[in-house]
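Numbering (our numbering), first residue to last: 13 to 119.
Here's what the structure looks like:
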């Protein structure tokens with residue numbers, strides 16, 4: 013599976029919808045293949061110089077963020093996919109943390 017690292021420099025992300033479990037077609041929560049950690053999806057609104065876009069980002073474990081919070085997806089990657097006539101891009105991050113967490117680490 014090809015992955016593309018996403019540069020988040022100069023981009024703001026805000027939580028559009030709170031994290032929720034990522035379920036399979038049978039309603040069972042999906043887990044990370046390597047660690048077995050439950051997967052969650054969080055809807056983020058990405059804002060940059062070109063405008064705004066809504067992204068759904070999958071993370072292992074539930075991010076401790078609320079709707080409307082400014083956040084930072086850490087280790088964000090894009091994963092192109094194709095199934096038959098359908099194609100798209102999925103997004104996955106190591107974690108989603110409050111944007112102020114990065115500013116605190118820099119101090």
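Where a beta carbon is used, it is the ideal one built from N, C-alpha and C, also for glycine. Quick caveat, the model's predicted, so the values are computed rather than measured.
DSSP three-state call for residue i: helix, strand or coil?
i, result
"residue 119", "Here the model assigns residue 119 a pLDDT of 44, short of 50, so the residue's position is not dependable, and the following value carries that caveat. Three-state result, residue 119: coil."
"residue 102", "strand"
"residue 90", "strand"
Report yes if the C-beta of residue i is less than 6 angstroms from at least one heavy atom of the ligand MN; otherwise report no.
i, result
"residue 104", "The ligand MN is not among the ligands present in this structure, which contains no ligands whatsoever."
In terms of residue numbering, what span does the beta strand (DSSP E) encompassing residue i cover?
i, result
"residue 23", "Careful: residue 23 lies outside any beta strand (DSSP E) and carries neither H nor E."
"residue 109", "107-110"
Exposed or buried, residue i, counting other C-beta atoms within 10 Å across all chains shown (16 or more means buried)?
i, result
"residue 99", "exposed"
"residue 53", "buried"
"residue 61", "exposed"
"residue 123", "Since the first and last residues shown for the chain are 13 and 119, residue 123 lies out of range."
"residue 71", "buried"
Since residue i and residue j should fall inside the 8 angstroms C-beta cutoff, what is the C-beta to C-beta distance between them, to a whole number of angstroms?
i, j, result
"residue 88", "residue 18", "4 angstroms"
"residue 49", "residue 73", "6 angstroms"
"residue 69", "residue 104", "7 angstroms"
Review point. Enumerated in chain order, which unbroken segments of the beta strand (DSSP E) with a length of 3 residues or greater are wholly contained in the segment 28-73?
Key: 51-60, 63-72
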